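This report concerns only the one structure given below.
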Amino acid sequence: MKLIEEGKISGSQFMWLLVTIVLPTAVLFIPALTIKYSGTSAWISGGVFTTIWAFIIVWVASTLGERFPGMTLVDYSSLILGKFPGKLVGAFYIFVLVLTVAIVVREFGEFLVSSFMQQTPIFVFNFLLIALAASAVRNGIEVIARMNHFVVSLMFFALIFIFTLVFSEADFKNLYPIFEGGILPIFRGFFTPMGWAGELFLIFILMPYLNNYREAKYAGYKAALMLGVIMSIDIVIALAVFGQQAADYVFPVHTLATYISIAGFLERVEAFILALWVAGITMKVSIWYYCAVIVAARTFNLQDYKPVVLPLGVICLTWSITIFDNITQLVEHFDIAWIGFSLTFEFIVPALLLLIAVLRKKRGAEKGR
Amino acid sequence: MVSKRVVIIIALILVFFLPGCWSRTEVETLAIVTNIGIDTVEQDGHVKFLLTANIIRPPLAGGGTQGGGSGAGKPVYWRVASLGDTLSDAERNLNLRIPRRIFYGHLRFVVINEKVARKGLADIIDYLHRNMRIRPRVLLLLTPEKAFDTLIRQAELEPDLARMIDEMDRMALSRSSKAFIDDLAHTTGQLTASGIDPLVAGITPIESPPTEPEGKPVKVIRINRGGAFRVDKFVGWLDSDEVRGYLLGIGKAQSGPFSITLKPHSHKDVNIMMTRATGKIKVDTDGDEVTAVIEISAEGDLSEFHTTEEIATDEGMKILGQKFSDAIKTEVMKAVKKSKELKSDIFGFGAALHRDNPAEWKRFEKHWYEVLPRIKVTVKVTAYVRRTGMTAEPFKPE
Amino acid sequence: MKLIEEGKISGSQFMWLLVTVVLPTAVLFIPALTIKEAGASAWISGGVVATFWGILVVWIASTLGERFPGMTLVDYSGQIIGKFGGKMIGAYYIFVLVHGIAVITRQFGEFLVTAFMPETPIIVFHIFLIALAASAVRNGVEVIARMNHFVVSLMFFSVLFIFSLVFGEWNFNNLLPILEEGIGPVIKGAFIPMSWRGQTVLLLIFMPYLNNYREARPAAYKAVVMLGIILAAEIIICLAVFGQLAANYVFPAHALASYISVGGFIERVEAFILALWVAGITMKVSIWYYSATVLMARTLNLQDYKPLVLPLGVIMLTWSMTLFDNIRQLVEWFNESGPAFFMSWEVVLPVLLLIMAVLRKKGGVKSGK
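Protein chains in written order, with the working numbering: chain A, 548 to 916; chain B, -1 to 396; chain C, 2 to 370.
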């Protein structure tokens, strides 16, 4: 069974990759979206429910992966469903991954244009981001994983920095009443972060590159928990500082950063959020891009994945520009269409694959590593 | 292998990009705005916005950085205004007069004319929030005169109004707790949340007698009141004592003098300097009645004593503490009374009810401003006088 | 007989310890309290009467200690009045010492808040003081004694400095008439300085750590006389400079220091009084704290006293915050319940122990050391 790429990563690198898959965009968009629906209980939808959901996704994806150690998605889909349907699954995931890359790239561009550089065309940011990610993808999974280690620490530092510095402005009275409108608004607010948490399904694409495939499930749970904690803190702080009004900001965390003022001189630290954002998103796009490329290579039975990088990049770039007319459409898309769509590729397809594999008693050969 | 030649060619091309960034903005091309004022003006039957800006005056060519030492240097800022159908329109219309890009990155405060505020603050707040350069920490102030006139008043000790208001907010007001300048984020929060209304600091324009020998009278401002809002509309003023009552109630008061009467005289004979205070509001319902309890705890030191009896005893301190808490109570009740009169829920009784009892809040929410004047408010104060300053007993003239 | 700690101190170190046991707080509070009662004759109460009292206390305590060389208070109390009785005496002294430290800490905090940093919450000073003292206590009696040597010289220097620099303002007419109202007010005014001077009874606790227990008595007499001279000088100078007015000040010594103006350039030397106060009180608290800790370890029959340092510190800290509502309550406590309270452990208990020991013929044996 060929893996297309020979890179291998460790369990902890795997975990941090999973964190980066979700965090950079989630930390900016989730608070406003969840607070809009769940109000003061947003941290329950964004933190608690989402973490539970992430655990389910991790369980499904890694159980599926563990049945077929060392095999790629396309290979075992063919084993489970037959050769042609397997290719179809591959094609579906290429579409999904490329689409997601396009959306993430657009989010990145929108943020930079509306918060920092109003007069620069969004195309410039999208282009630079995809070029950077393409170079990372060509270097393979090991380079991405190592680079990610560095970037994750940068992100954590920036987040902790912002959260601690606005802490003096936090008024925890804003978190009451809890469960105001009963459980329904909480569920409604949970749908959006659900799509984000579900991004952990990438486990089953990245699993074959793990040194020891048994570490995947454990690392996935850890990543899910970590994400849950960070998102809860993110939402709680945004609520405590701004109250319900946080829902009116497009990027509450950015507004938090602009709100920092310690003793009249520690001010204007938005650059930290910019660092978090640019570095984090570049990593996030690289990982998704990489997944798209290797799935494509395997679907088309290529010997090498590198020739696919450039064409896919061009598609992503064009798509990222044309996919939305304006930022409101982007935000609305997360509200409505995304929920059903993300549920399909994050949960339903992997779950069906797993179910059929169990029913048809298919499993991969237990290999040495 | 990329050949050396290609690398050299790329490096040479890159050299052309070294001189600077694309669409960079040099500081000489910016008009840095430190404060803006907002008025409305009627013109040809249309209401237009008058946007006034204080812009930092660029150092003149060849001039020293300090503007030439003592005395009659020009002020460091410059006032300019323009009309527009909307605030953004007015902002860009400034550029019909100023050859520089209007830059809001250093905006410190926004003065809003009282009459404009009576019509509603929401439009202005929207403009301020939507702009990427304006920070949520920008301070808001109300002025009874035209904001256009306020922005040319003297800052006296500080070089400009922006720094003066900044220092007032950071230091001066916490010394007396008699006024309080809130920022854009908090005001918007109170505007959008149900059951709480904003209180925006108010300016009183005054003409002071000459401040230097053979000088002329100077026009200055004093920040000594607060404008109460109902939803987003200005409804009336609180004077400085009422503002302190309000700050005590919501727990934002810090330090400040309380003059009290110990003996039944006609004048105040003791002063307690409050050193710290906390306040908490609890609201409950009983049928159709709403009751609110404001709990305040405060600490203070004896800072002035005009009578001669012995006070430096535990007993004396307890009596002073009692008087001190009575004084606090009176002030808070005054502010509550004003809030009811104006039907402006500045204390956030509604929000407190919402927090503690969402179901009950649903019942009252619709007609809250009718309920507000009927709320039974009790103020519970525990105040201690801890210290007597550097002396204990008063000096006895003999 | 176990001593819990192996440290040994010399006769002169012992003397300076006893000076520090009394001086730092006395120098700030005694003048105002004494002048209030005794007026122009206050120096007789604070200097003469209290010194005789101090000599009496030292005589009793050292006679008691000499009967049981090398033994701790708890041990010989146990021999004199039975094991249980001994433990009770130990418990009482622990209570007294911990209470005393709470009071001293509060005095320290009140002084700093009133005279130097009115906006800092008082608990900040308490925490620093007790934490510093706790670290000294953990280092044992030798370290405390050596440190004390340094601090005492600092104290003496600043006291001399302040006293001598106000010389231009001395007006000895303020000291007349002597004994205006007879001896009554003088005795009344002596109660507070007497209770302060009696704190030298702590020699009972430090005697076992002395190299040669016979040095205790002369060292203690020297300490008491030295204290008498310093306090008499201080009261005289306060009176000479401020007259009866001195009683109105909360901290006359601080008022003296801020009154200094020599040649228009030696001014604003309150920092000296601050140095005296902070360094001195830290030593005073350390010594008391140490006494409380070793006494408790001996009462509870522990092998080591160090585990007790932290819990006792927490008790002291809490107590120091809750003991008094305001500064006048603190001062009144010294006036009203203070004298009786101090008398009980400074004189009454040692006298009773001594009488019982003599009657029951306990102790007085030459031990090996």
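Just so it is clear, CB atoms sit at the ideal spot from N, CA and C, and this is done for glycine as well.
Note that the structure is predicted; figures quoted are calculated from it, not measured.
Inset, instruction - Keeping to the same chain, check which residues put their C-beta closer than 6 Å to that of Ala573 (chain A); ignore five residues upstream and five downstream. - result: Trp743, listed in sequence order.
Inset, instruction - With distances taken Cα to Cα, identify the nearest neighbour of Arg198 (chain C) among C:Phe243, C:His127, C:Trp54 and C:Leu301. - result: Here the closest residue by C-alpha is C:Trp54.
Legend entry - the stretch 90 to 118 of chain C: positions lying closer than 9 Å to chain B by Cβ: Against chain B - using a Cβ distance shorter than 9 Å - the residues of the stretch 90 to 118 of chain C are Glu111, Val114, Thr115 and Ala116.
Inset, instruction - Ignore the nearest five residues each way along the sequence and tell me which others in Val167 (chain C)'s own chain have a CB closer than 8 Å to its CB. - result: Taken in chain order, the residues that qualify are Ile238, Val242, Leu257, Tyr260 and Ile261.
Inset, instruction - Count the other CB atoms, across all protein chains shown, that sit within 10 Å of the CB of Val270 (chain C); report buried if there are 16 or more and exposed otherwise. - result: Burial call: buried.
Inset, instruction - Flag Thr386 (chain B) as yes if its beta-carbon sits less than 8 Å from any beta-carbon of chain C, otherwise no. - result: True, the Cβ-Cβ gap to chain C drops below 8 Å.
Inset, instruction - Please say whether Gly298 (chain B) and Met315 (chain B) have beta carbons closer to each other than 8 Å? - result: Taking 8 Å as the Cβ cut-off, Met315 (chain B) and Gly298 (chain B) do not qualify as a contacting pair.
Inset, instruction - Evaluate Ser257 (chain B) with the Cβ neighbour count: other Cβ atoms within 10 Å of its Cβ, from every protein chain shown; 16 or more gives buried, anything less gives exposed. - result: Around the beta carbon of Ser257 (chain B), fewer than 16 other beta carbons sit within 10 angstroms, so the residue counts as exposed.
Inset, instruction - Buried or exposed for Leu300 (chain B), please, with buried defined as at least 16 other CB atoms from any protein chain shown within 10 angstroms of its CB. - result: So Leu300 (chain B) counts as buried.
Inset, instruction - Just the C-alpha distance for Leu679 (chain A) and Gln665 (chain A), rounded to the nearest angstrom, thanks. - result: A straight line joining the alpha-carbon of Leu679 (chain A) with that of Gln665 (chain A) spans about 22 Å.
Inset, instruction - Return yes when the Cβ of Tyr382 (chain B) is within less than 8 Å of the Cβ of Lys341 (chain B), no when it is not. - result: It is not a contact, given that the beta carbons lie outside the stated cut-off.
Legend entry - Any chain C beta carbon closer than 8 Å to Thr389 (chain B): True, the Cβ-Cβ gap to chain C drops below 8 Å.
Legend entry - Alpha-carbon to alpha-carbon, Arg168 (chain B) and Thr73 (chain C): Taking the CA atoms as reference points, Thr73 (chain C) sits about 58 Å from Arg168 (chain B).
Inset, instruction - State the DSSP-derived secondary structure class of Tyr796 (chain A), mapped to helix, strand or coil. - result: Reduced to three states, the DSSP call for Tyr796 (chain A) is coil.
Inset, instruction - Return the chain-ordered list of same chain residues with a C-beta closer than 7 Å to the C-beta of Ala217 (chain C), the five sequence neighbours on each side being excluded. - result: For Ala217 (chain C), where only same-chain residues beyond five positions count, the Cβ hits under 7 Å are Phe15, Ser63, Gly66, Leu204, Met208 and Leu211.
Inset, instruction - State the DSSP-derived secondary structure class of Phe107 (chain B), mapped to helix, strand or coil. - result: Correct three-state label for Phe107 (chain B): strand.
Inset, instruction - Using a cut-off of 8 Å between C-beta atoms, extract the partners of Glu120 (chain C) located in chain B. - result: The contacting residues are Ser253 and Thr273.
Inset, instruction - With 8 Å as the threshold, decide whether the Cβ of Asp354 (chain B) is near any Cβ in chain C. - result: With 8 Å as the cut-off, Asp354 (chain B) does not count as an interface residue toward chain C.
Legend entry - Close Cβ partners of Gly364 (chain C) (< 6 Å) along its chain, the five nearest in sequence each way excluded: Hits under 6 Å: Arg68, Phe69 and Ala358.
Inset, instruction - Could you tell me which residues DSSP puts in a beta bridge with Pro255 (chain B)? - result: DSSP, once it has assigned bridges, lists B:Met271 as partnering Pro255 (chain B).
Inset, instruction - Determine the extent of the alpha helix (DSSP H) in which Asn686 (chain A) is found, giving its start and end residues. - result: Judged by DSSP secondary structure, Asn686 (chain A) falls within the alpha helix (DSSP H) whose first and last residues are Ile669 to Asn686.
Legend entry - CB-CB length for Ile34 (chain B) against Val108 (chain B), believed under 8 Å: The Cβ separation is near 5 Å, so the contact holds.
Inset, instruction - Kindly examine the ligand ADP and report whether one of its heavy atoms sits closer than 7 Å to the Cβ of Ala810 (chain A). - result: With respect to the ligand ADP, the structure offers nothing, as it holds no ligand at all.
Inset, instruction - Figure out for me which residue from B:Val377, B:Gly346 and B:Val136 has the closest Cα to the Cα of Glu363 (chain B). - result: Checked all of B:Val377, B:Gly346 and B:Val136; the closest Cα to Glu363 (chain B) is B:Gly346.
Inset, instruction - Look up Asn758 (chain A) in the DSSP assignment and say whether it is helix, strand or coil. - result: Reduced to three states, the DSSP call for Asn758 (chain A) is coil.
Inset, instruction - Note the first and the last residue of the continuous alpha helix (DSSP H) segment covering Phe561 (chain A). - result: That run of the alpha helix (DSSP H) goes Gly558 to Ser585.
Legend entry - Simplified DSSP state of Asn93 (chain B), which is helix, strand or coil: Asn93 (chain B) sits in a helix when the DSSP states are folded into three classes.
Inset, instruction - Alpha carbon to alpha carbon, how far is Val268 (chain B) from His400 (chain B)? Give it in angstroms, no decimals. - result: With chain B covering -1 to 396 only, the question about residue 400 (chain B) has no answer from this structure.
Legend entry - Best match in C:Val22, C:Arg139 and C:Gly47 for proximity to Val295 (chain C) [C-alpha to C-alpha]: If we check each option's Cα against that of Val295 (chain C), C:Arg139 comes out closest.
Inset, instruction - Using 10 angstroms around the beta-carbon of Met778 (chain A), count the other beta-carbons present and answer buried if the total reaches 16, otherwise exposed. - result: Buried: at least 16 other Cβ atoms inside 10 Å.
Legend entry - Thr597 (chain A) - DSSP class collapsed to helix/strand/coil: In the structure shown, Thr597 (chain A) sits in a helix (DSSP, three-state: H, G or I).
Legend entry - Neighbour-count burial assignment, Asn759 (chain A), 16 or more Cβ in a 10 Å radius: By the neighbour-count definition (other C-beta atoms within 10 Å, threshold 16), Asn759 (chain A) is an exposed residue.
Inset, instruction - Assign Phe2 (chain B) to buried or exposed, taking buried as 16 or more other Cβ atoms, counted over all protein chains shown, within 10 Å of its Cβ. - result: It is worth fixing the name first, because residue 2 (chain B) is Lys in this sequence and not Phe. So Lys2 (chain B) counts as exposed.
Inset, instruction - For Glu308 (chain B), collect the residues of the same chain with a Cβ closer than 7 Å to its Cβ; drop the 5 residues on either side in sequence, then sort them by chain order. - result: Cβ within range, chain order: Gly314 and Glu391.
Legend entry - Separation of Arg910 (chain A) from Glu762 (chain A), as counted between CA atoms: Distance from the CA atom of Glu762 (chain A) to the CA atom of Arg910 (chain A), rounded to whole angstroms, is 18 Å.
Legend entry - Cβ shell of Phe710 (chain A) (< 7 Å), same chain only, five flanking positions each side left out: Within the same chain, Phe710 (chain A) has close Cβ partners Ile780 and Ile784.
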